[in-house]
Structure formats: structure tokens, C-alpha cells
Amino acid sequence: MRFCLTVAFSMFASAAMAQQAADAVQPESGTGGDAVVTSQAVADALAAKADGVPVEAEGYMVAAANPLAVQAGVDVLAAGGTAADALVAVQTVLGLVEPQSSGLGGGAFLVWYDAATQSLTTLDGRETAPLAVTPTLFLNEDGSRMGFFDAVVGGRSVGTPGTPALLAEVHARWGNQPWATLFEPGIELASTGFEVSPRLAGLIERDAERLAVFPATADYFLPDGVPLAIGTTLQNPDYAATLGALAVGGTDAFYTGQIAQDITETVQEFSANPGVLSELDLAIYQVKERAPVCATYRAHDVCGMGPPSSGALTIGQILGMLDAYDLAALGAENPDSWRLIGDASRLAFADRGRYMADSDFVPMPTAGLVDPAYLAQRGALLGGAEALEEIAPGTPAFDHSLNWADDQSIELPSTSHISIVDSFGNVASMTTTIENAFGSRLMVHGFLLNNELTDFSFATHNDGVPIANAIAPGKRPRSSMAPTIVMKDGAPVLAIGSPGGSRIIGYTAQAIIGYLDWGMDVQQAVSMPHAVNRFGTFDVEEETAATDLVPALEAMGYEVNVRGLNSGLHAIAIGDGLQGGADPRREGIALGE
Ligand code: GLY
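Residue numbers (the numbering used here): 219 to 811.
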């Protein structure tokens, strides 16, 4: 029997079609593990990744997407700083050397374990819809949805950035180093220049046409109209000046004054596709503390960011449904393990598409979605031997009687994940983004502005039924980002997360399964070949052992698509010492002492 996506609700088919449209657009591609080698320690860390063994340390560690950023964080930790201090240094360097993925113009979510109070906190630094947005922001005049890049490129897609405010909040709560000193590595590198990495050069070349539409962006990435080549020494004096302003003036220097004015002018005056972000939006931006979302799995608590992220809820649902099945006995190479994981994921994605959005704006069954009894009932659907023929949202316990239609947003994989453990035992797990690779393509004061508003559903209703993730003034778009800390008996044992659009959820859940069920070390868990199923098609990672699963998955009834699957998992396991793993699909490393 060939699997055919039969759905109980035609609206779910629309969501699947939107996702197929997303898949037709080129994502930020995988580029392997090449990176600029700046020291013997970095060379050793890259060699460990290539050999598939974890990096070990006793006291502190950083795992992130670029060695220059990791080194900046490690230097802060070596000087006695906390993970909060290191996070500021890592993020500000990433915004320079990996500008396509995250930066000051974007947003982020943080999960923080505080050793002193033995408690978890989650902070929401998500971009926010401007007060002047209307429900038709991403609709054409005839009511049809805009093409993805028609919406993305320009001011229309830009939400109020949250990352600078999040860094300041993190530092104020948990930092011990002077704020200004944390900007020094970024200022130094931006002033003297850094080598353009193979990954950055490849992505610039692929995106050259879109990068050319805005003069400041073109001047930086395409000098004289030519994409920057690997190894070019690239300076960014505007970024150095912005970091200098933040270092001296704090976030007021970003959210008010000249930088804020120039951001809003850039957004509003891009005549081909203007946006509505205003100085008021920037001035009133606030980081929000949210309750962590935790799900029980194999006697661990898997904890992460709640709404507006769908990350922790969807991972929690997948793991909660699988808790009744003995994946350890089945093993990592058994197609039945992947059937269980794939169909648990499909069921979770059906709930995600129906119910998950910014809970400050729409009622959500947040607790109901990860209620063990509900997940046991959903998990019982996985008891057969073939692909599920019907996938539909369930009916989690809700505070209100509601009728939502399925979401119709398009998400592409960009983004970056940072895991840090400091010598005090604090743990930071932060996923950070400007959404699509190079965001809106608008560059101002040396950094790119996000296109996060396209994480909202483009449509507001389906057949007259409202969509929970529809845009509204001040609302935060649903995210898939899943910064995670896995806890055992109240203590952190694993910090992990990944970029990858809505596949973030599968990448992170499967690495946790690799670590907890299959006895993998943290490097093996992040290197494990991917097989991800969100909306019916099993995406299987090309040129890996996962392709051995294809005949069996097809025999079970799945449609299979063999393709590149570009995660960027960065993880630190915490036990007697620290073990770090960095995704071989990207340039990052784990490094510590
Ligand atoms: N823009 C990626 C995410 O938030 O899921």
C-alpha cells in the first residue's frame, strides 16, 4: 500500500500545501564542517567533530555555529564570566561572522538553568509585529497569499528586533562581567576584519540576486557587484560602531535615537516593498519571561520555550507519545523506530498547526497539549505496523471552547543555536534567528533586519474559520525554535537545540532520543543521520546511512524524499565533566576547559 495523506479536515491539506511551497524554495543549505581555523584548540575541536568524538572539558564549554564566536565565549568564561556574559560575546560575534542566520536585527529564545537557585527560566526575545500591521499584510489585492520571497524581501516582513533587549536582560539577571567588555571581541573583529568562511561565501553567492536589491546590503556582500569570496578579509565598521554604541549606551542606543530612526526609515522607505515598523514599536519592545514547558521522557524532564514557540510543546508531544514504546530495544537502525518517531511527529505537527500561536493573543491548550493522559491516548494511535493513514489534530483540554483552522505559514531553515555551560554550573540554551537566510535583505548600521513576520500565517482564516497564528499588532509569530535543557532529578544533563525551520523540532527530538534511548554520546547524537516527518512525506538525509531505511519506509506506506537536511545542532552533555558536540553539517565547534 502506498501511503497517501488522507486527512480528516481539508484545512490540514492547505497547511501541507503551504509547506510544500516552502520546500520548493531553496533553504539555507548545508555546507559541511569547513571553517576558518584560528588556533590549535579550534583545529582540535574541528578534528574531534570530523572524527565523530565529543570535545571534553571539566569546567566550562561553548558550542555554537562558528569558531570565532565560540572562542569569544570561551575567553569570557575563562576570565570568570558566566554563561550570560559569554552569550553576549558569542551572539555579537555570530552577528558578524554568521550574519545570514542571526544578529541584532533578529530575535531569540533562551532557556536558562540557574545553579544558585537550581531553577529554570525561559525568556522570550521574539520579534514582534508592529502596531500598524493589518490582517492583510501578506495578502495580494485579490485576497490570495503573497509569494514567499515577495513577502520576505523588503520592509514588509520586518518585526521589532528582540535580540539586543534579550542580551541586556540576560546580562542584568545573571552576568558578572562589565557589559561593555562583552562587546570587545565583536568590535575588534568587525574593525580589523575576519575571514569570510566557506559557508558564508557559498550562501552569498546563492542569494546574490536578492542581496542586490538594497544598496547597503549589496555594498557589503557584493562589493563591485561580485559576491565575497572565501577567505576575503571583511571589515564591518558600521557594525563595530553599533556594538560600540550598545556597549556604552545600553539598549537605549538601539531602541531609541539614531539607530532606531534609521531602522524604521529603512523599513518604511524601501519603496518596492515597504513595511510599517515605527520608532514607537522599537521604544516599547519588551522581553517576556514565560513559564518553561517540560515533558517527561524516560524519567527525564525535557524543558524548553513555550508559546509563542511551538518548539518545546511539539518536542514534548513527540517524546510523550513515544514514551510508551521501547525505542532502546528496537534500536536506531530499525525502520519501526522511525515509523514510531515519524508518525508521532505527524500527530504532533497536526496539533501544532491547529493550536499553537502567541498565547498572549489567542487562548491555547498549553498544558493540555503535553498532558500525559492526552499523549498516551494519541500515542496509542501508533500501535500498528504501517504508516498512519489518517492524521488529524487531537482534542487537548482547552480552557475555552474554540474553533481554529490550521496554520498556513511558510518556514524555511536559517537560524543558529548556542549552548553554554559556565564554571558555576549555569546552563544557557539559546536559539537565535533573523528567520530566512539574510532575513529581509535590508541592512542598516552593519546588521541585517529580520523577516520574522513571515512566520505568521499569511492567511487569517480558512473557509471562514480563524487561524490561531494570524498576524495582529503586537503579536509574536509562532516559532519552531526549540532551545532545550534536559533535566534529571532537578539537575541539567543536556543543553541542545538547532536551526532548521520547522525541522528544528525533529532534529532536536531525534538527537535527544539518540542520547537517551540509543546510548549515543553527544557528538554521535548530533551527527546521527536525519529522517524527519512533519506533514506526511518522510524526508531522509541524502548520502547517509538513513537512506538504508528508504525501502522499508516505502513498504510501510510512506512517501519518501531523499534530500539534504541542514540541521545545526549544538549540544553539551553535563555529567562528571562536560562533553560537547557540534553539527558536522555546519562550521561550528564545541570548545571548553
Ligand atoms: N524563524 C524560525 C523560527 O522561529 O522557527
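Where a beta carbon is used, it is the ideal one built from N, C-alpha and C, also for glycine.
{"Asked": "Which of helix, strand or coil DSSP assigns to Leu495", "Found": "coil"}
{"Asked": "Beta-carbon proximity of Pro379 to Leu667, cut-off 9 Å", "Found": "yes"}
{"Asked": "Cβ neighbours of Glu176 in the same chain (closer than 6 Å, five flanking residues each side left out)", "Found": "Outside the shown range of the chain, which is 219 to 811, sits residue 176, and nothing can be said about it."}
{"Asked": "Alpha helix (DSSP H) segment containing Trp556, residue limits", "Found": "Pro553 to Tyr573"}
{"Asked": "Environment of Asp499 [buried if 16+ CB atoms lie within 10 Å]", "Found": "buried"}
{"Asked": "C-alpha gap between Glu811 and Ala296, whole angstroms", "Found": "8 Å"}
{"Asked": "Span separating the alpha-carbon of Thr410 from that of Gln453", "Found": "6 Å"}
{"Asked": "Sheet register partners of Asn680 (DSSP bridge)", "Found": "Val683"}
{"Asked": "As assigned by DSSP and simplified to three states, the class of Asp576", "Found": "coil"}
{"Asked": "Any non-hydrogen atom of the ligand GLY closer than 8 Å to Ile722 Cβ", "Found": "yes"}
{"Asked": "Limits of the alpha helix (DSSP H) - the one that Trp397 falls within", "Found": "No alpha helix (DSSP H) holds Trp397; DSSP gives it neither H nor E."}
{"Asked": "From Val768, Leu606, Arg572 and Glu316, residue whose alpha carbon lies closest to that of Leu418", "Found": "Glu316"}
{"Asked": "Three-pair Cβ contact test at 8 Å for the region 313-330 versus the region 687-703", "Found": "yes"}
{"Asked": "For Tyr331, the first and last residue of its enclosing beta strand (DSSP E)", "Found": "Gly325 to Asp332"}
{"Asked": "For Ala447 and Pro614, the rounded distance between their alpha carbons", "Found": "52 Å"}
{"Asked": "Cβ-Cβ separation, Gly534 to Ala513 (assumed contact under 8 Å), whole Å", "Found": "3 Å"}
{"Asked": "Run of the alpha helix (DSSP H) containing Ser745, from where it starts to where it stops", "Found": "Val740 to Ser745"}
{"Asked": "Closer than 8 Å: Glu316 CB and nearest the ligand GLY heavy atom", "Found": "no"}
{"Asked": "Met699 beta carbon near the ligand GLY (any heavy atom closer than 8 Å)", "Found": "yes"}
{"Asked": "Spatial neighbours of Ile559 in its chain, beta-carbon cut-off 6 Å, leaving aside the 5 residues before and after", "Found": "none"}
{"Asked": "Minimum C-alpha distance to Val580 - residue among Ala688, Gly737 and Ser658", "Found": "Ala688"}
{"Asked": "DSSP state of Pro403 mapped onto helix, strand, coil", "Found": "helix"}
{"Asked": "Spatial neighbours of Ile731 in its chain, beta-carbon cut-off 8 Å, leaving aside the 5 residues before and after", "Found": "Leu537, Leu540, Leu545 and Ile559"}
{"Asked": "Pro888 vs Leu338 beta-carbon contact at 9 Å", "Found": "Because the chain here runs from 219 to 811, residue 888 falls outside it and cannot be looked at."}
{"Asked": "Distance between Asn284 and Met661 (C-alpha atoms, nearest Å)", "Found": "21 Å"}
{"Asked": "Boundaries of the alpha helix (DSSP H) in which Gly473 is found, first to last residue", "Found": "According to the sequence displayed, residue 473 carries Tyr and not Gly. It spans Asp470 to Tyr473 - the alpha helix (DSSP H) in which Tyr473 sits, taken as one unbroken run."}
{"Asked": "Coil, strand or helix - Met774 by DSSP", "Found": "coil"}
{"Asked": "Spatial neighbours of Leu384 in its chain, beta-carbon cut-off 7 Å, leaving aside the 5 residues before and after", "Found": "Ala326, Leu328, Leu341, Gly343 and Val505"}
{"Asked": "Among Val520, Arg508, Tyr515 and Asp519, the one whose alpha carbon lies nearest that of Pro526", "Found": "Arg508"}
{"Asked": "C-beta neighbour in chain C for Val511, strict 9 Å", "Found": "Of the protein chains in this structure there is only one, and it is not chain C."}
{"Asked": "Proximity test, Glu551 beta-carbon vs the ligand GLY heavy atom, cut-off 8 Å", "Found": "no"}
{"Asked": "Per-residue DSSP class, three states only, for Ala513", "Found": "strand"}
{"Asked": "Thr532 beta carbon near the ligand GLY (any heavy atom closer than 8 Å)", "Found": "no"}
{"Asked": "Tyr733 versus Val740 - alpha carbon distance", "Found": "6 Å"}
{"Asked": "Cβ-Cβ distance between Gly522 and Thr633 below 9 Å", "Found": "no"}
{"Asked": "Bridge-paired residues (DSSP) for Glu274", "Found": "Gln797"}
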